[in-house]
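So the structure is just underneath, and the comments pick up after that.
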Amino acid sequence: MTLTVALIVMSASASIGLSGLIAETRVPPGQHDAVVARTVGGMISYTRWPEPRPALRICVSGATSYTKGFGRIGQSAGRQVATQIVTPGGPTRGCDVLYFGTMTDADRQRMLRSIRDQPVLSIAEADPACRGGTIFCLRVLPDRVGFQLSIDAVSRSAVRIDPRVLRIALPEGDAS
Amino acid sequence: MSDAARLPSLRRVLARMHLRVTLFAVGLTGLTVLLAGFAAIGAYAGQNLHLIGRSAGYSAAPAIVFDDPVAARQSIAPLLEAGVAGITLLKPDGTVLATAEREATDKSLARWIADRLFFAEPVDEPVIHLGTRIGTVRVRGEGSAVAAYIRDGILGTLVCLILTGLAAWLLSRRLRADIVAPLGAIADAAHSFRRDETLDARVPPASIREVEALRTDFNALIAELADWRQHLRRENETLSHKASHDALTGLPNRAHFERRAAEMMTEARAGDASFVLLYVDGDSFKPINDRHGHAAGDVVLIETAARIRSCLRARDVAARLGGDEFAVLLAAPSGADAAERVTGEITARMAEPIRLPSGETVTMTLSIGGGIYPGDGQDLATLINRADAAMYAAKGSLRARQQGV
Chain A
1 MTLTVALIVM SASASIGLSG LIAETRVPPG QHDAVVARTV GGMISYTRWP EPRPALRICV
61 SGATSYTKGF GRIGQSAGRQ VATQIVTPGG PTRGCDVLYF GTMTDADRQR MLRSIRDQPV
121 LSIAEADPAC RGGTIFCLRV LPDRVGFQLS IDAVSRSAVR IDPRVLRIAL PEGDAS
Chain B
1001 MSDAARLPSL RRVLARMHLR VTLFAVGLTG LTVLLAGFAA IGAYAGQNLH LIGRSAGYSA
1061 APAIVFDDPV AARQSIAPLL EAGVAGITLL KPDGTVLATA EREATDKSLA RWIADRLFFA
1121 EPVDEPVIHL GTRIGTVRVR GEGSAVAAYI RDGILGTLVC LILTGLAAWL LSRRLRADIV
1181 APLGAIADAA HSFRRDETLD ARVPPASIRE VEALRTDFNA LIAELADWRQ HLRRENETLS
1241 HKASHDALTG LPNRAHFERR AAEMMTEARA GDASFVLLYV DGDSFKPIND RHGHAAGDVV
1301 LIETAARIRS CLRARDVAAR LGGDEFAVLL AAPSGADAAE RVTGEITARM AEPIRLPSGE
1361 TVTMTLSIGG GIYPGDGQDL ATLINRADAA MYAAKGSLRA RQQGV
C-alpha cells in the first residue's frame, strides 16, 4: 500500500517533468468515435469554468478523424453542448472548448495565443507527444483511447481541471 | 475427632469464598466491558467501511468516467487499510472495473468469529458524478482489528483473574493472621487445658472486635474454672483431712495411724533402722467424765492430745485411737532411750493440772507402753500387741502402787 502511494507521488512528479499525464480507455472495435466523444465529455465534466456555463460551445478546427460522435457529448459532459466548426487559425471568440484536428503549427500557435489566460479548454486530437501546448492530448490507438494532460497548459489557462483527473492520468512510461 | 478433621478449615472457607466473589466480579465486569467494546468496535468498523467506500467512490469517479481500469485500481489501492479486506469498483451494468484486495495475515479463530459477526456482508456505496450514479464501490471488511481487541480483552481479563486470585490469596493470609490465628490460639489453649489441666495458658490479644470479645470471655472462663478447681481441691483436702483425722483433737485417727505405721515399718526395713511405737491410755478419764460431764471430758482429751503432740518432733506421729486411747510413732532412727525420754516428758507434762471451763482443775494421768521395731516385733500386729501389753503392765503397776499407798 505504501508502495502504491509512493508510486503515485513519484509518477506525479515525473509527469510534470514530461509536462504530460496519460489516461486511457479501452475501445471496442469500430467504436472510436463514441469513445472519443465520451472521453471529451469526461474532460469537460471535470473542468471548471470561472463562471458557470449551462451550455457549452465546442469549436472544432482542422482535419479531425473522431468527431462523428460529438453530437452526444452532452450526455457525458452533463450539460448542453453545441458544436461548431472554426477555420484553422481563425477567431476563437465564443468558444468554451477548442478541439484541434490536424493543422499547421503556425495556425495552432496563433489560435492558442488567442486563448491564452482565457477560460477555454484546449484538446488536441493528434499530438501523441503532447508538446503542442493544449491542455489535453488524445492518444487514439487501435484498441484504446487515452489522453495526456499538460500541466504547463493548465497553468496558462483560466479553466481549472479537477485534481482527480491529474491523479488518474499516468505518466507516459507507465501507459500500457 | 475424625469428623472434625474432615471438615474444611475456617481459613479455607474464607479463602474460597473470597476467590469466588472476586472471580465472579472480575469475570462479570470483564465480560461486560468486552461485549460493550465489542459492539462499539463493530459499529465503528461498519461506519469506517462506509467512509472508505465514499472515499474510494470520490477518488475513483474520473477513472469510471474515463473507463480506465488501471487508474481505477490506483485510486482505490491506497484505501486498503487495516480492517478492509477488499474494494471493488462496479460499473452501472454490474461488471467489475477494478478490484484491490489485501491478503489476510491473521488466520486465527478470533478473526474468523469477528468476520462472521461484523463483516459477513460487504458495504455498497454509490459513485455519483454530475448527479447520476456512474458506479458502485463495494467494500469488504475484515475483523483482524476486532480480533486483536477480542484477544487483548480475553488476555486482560485473564491477567486480571490471576491478579485477583493472588489478591484473594494475600487477603486470606491476612485473615489467617487476624481471625484464624487467634481462634487457633483459643482452641489450643482449650485443648491444653483439657489435656494438661494447665491454667496459665492465656490467649494473646486479637485485632478483630468479635474475636477479641471471644478471647476475653474465654480467658475469663478459664480464670473462673481455675478458681473453681482450686476451691474444689481445698474442699477435697479438707474432706480427706476429715476422713483421716479425729474431729475432736485434730490428731490422726486409727486408720491414718495404721497407714503411717505400715509406711514407717517399710522404710525402717529398707533402711535397716529401728523405730518406737508407744501405746498411751488415760488412767483417770472415766471418773473425770462422770464427775464433770462430757464437755469437761472433751476439754481434757483436747489438752491431753496437745500435750502429747508438744513432746514430739515434726516427723513423729501422734494419733487418737478412740476414747482416751492414744498412740505415738517415734520416727526412725529411734530406740529404747528415745522411748524412755518421750515417756518421761509426756508424764511430766501431764502432771500439770488441766483447767476446766467451770474453773475447776483436774489432773489426768497416763499409762504408756512401748514396742521397738524390729526387736519387739517384725510386723505391725506383733508390735502393737507388745506395746499394748507393756501399757497394761504399766497400768497394773500403777494400780498396785496406788493400792499399796
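As given, the protein sequences belong to chains A and B, one line each in that order.
Under my numbering, the residue at position 14 of the first sequence is numbered 14, and the numbers go up by one with no gaps.
Each position in the second sequence, counted from 1, maps to that position plus 1000 in my numbering.
Every residue, glycine too, gets a C-beta built ideally from N, C-alpha and C.
Within chain A, no residue has its beta carbon less than 7 Å from that of B:V1021; the closest one is some 49 Å off. Residues of chain B whose Cβ lies closer than 7 Å to the Cβ of A:V165 are, in chain order, P1062. Taking a Cβ-Cβ threshold of 8 Å, the residues of chain B close to A:D162 are P1062, in chain order. B:V1159 has a beta carbon lying at 8 Å or more from every beta carbon in chain A.
Excluding its 5 nearest sequence neighbours in each direction, B:A1063 has C-beta neighbours in its own chain below 6 Å: A1071, A1072, S1075, listed in chain order. Residues of chain A whose Cβ lies closer than 7 Å to the Cβ of B:L1130 are, in chain order, S45, G78. Secondary structure of B:C1160 (DSSP, three-state): helix.
When C-beta atoms of the region 73–85 of chain A are compared with those of the region 50–57 of chain A, three or more pairs fall below 8 Å, so the two segments count as touching.
Taking a cut-off of 8 Å on C-beta distances, the region 1260–1274 of chain B does not touch the region 1208–1218 of chain B, as fewer than three cross pairs fall below it. For B:T1022, same chain residues with a beta-carbon under 6 Å away, outside a window of 5 residues either side, are T1164, A1168 in chain order. In the DSSP assignment, B:G1297 falls within the alpha helix (DSSP H) that extends over 1294–1310.
A straight line joining the alpha-carbon of A:D96 with that of A:A124 spans about 14 Å. Leaving aside the five residues that flank A:A158 on each side, the residues in its chain whose CB is nearer than 7 Å to its CB run, in chain order, P50, D117, Q118, P119.
Taking C-beta atoms as the reference points, B:E1142 and B:F1119 count as a pair closer than 8 Å. Beta-bridge pairing by DSSP links B:T1099 to B:T1088. Under DSSP, the beta-bridge partners assigned to B:D1281 are B:E1325, B:S1367. About 12 Å separates the Cβ atoms of B:L1090 and B:G1053, ruling out a contact at the 8 Å cut-off. Just so you know, the alpha carbons of B:E1340 and B:I1372 end up roughly 11 Å apart. For B:D1281 against B:L1366, the beta-carbon gap comes to about 7 Å, under 8 Å, which counts as contact. In the three-state DSSP reduction, A:F70 falls in the helix class (H, G or I). Our two residues, B:I1150 and B:F1038, have alpha carbons roughly 7 Å apart in a direct line. A:I115 and A:G30 have their alpha carbons spaced roughly 34 Å apart.
For the region 85–100 of chain A, the beta-carbon criterion of a distance under 9 Å to any beta-carbon of chain B is satisfied by none of its residues. For B:V1084, no chain A residue has a Cβ inside 9 Å of its Cβ, as the nearest lies near 10 Å away.
Within the region 28–58 of chain A, those residues whose Cβ lies closer than 9 Å to any Cβ of chain B are, in chain order, V35, R38, T39, G41, G42, M43, S45, Y46.
Looking at the backbone, the Cα of B:V1317 and that of B:A1243 are separated by about 17 Å.
Annotation for B:L1356: no alpha helix (DSSP H) segment contains it, and DSSP assigns it neither H nor E.
The Cβ neighbour count for B:M1017, taken over all protein chains shown within 10 Å, is under 16; the residue is labelled exposed. Cβ neighbours of A:V27 within its own chain (closer than 7 Å, five residues either side excluded): V35, D143, R144, V145.
Taking CB atoms only, B:S1144 has no neighbour in chain A less than 8 Å away. By the neighbour-count definition (other C-beta atoms within 10 Å, threshold 16), A:I151 is a buried residue.
Taking 8 Å as the CB threshold, B:S1172 stays off the interface with chain A.
By the beta-carbon neighbour count (other beta carbons within 10 angstroms, threshold 16), B:Q1047 is exposed. In this structure B:L1109 is exposed. Its beta-carbon is surrounded by fewer than 16 other beta-carbon atoms within 10 angstroms. Look at B:E1263 here: in three-state DSSP terms it is helix.
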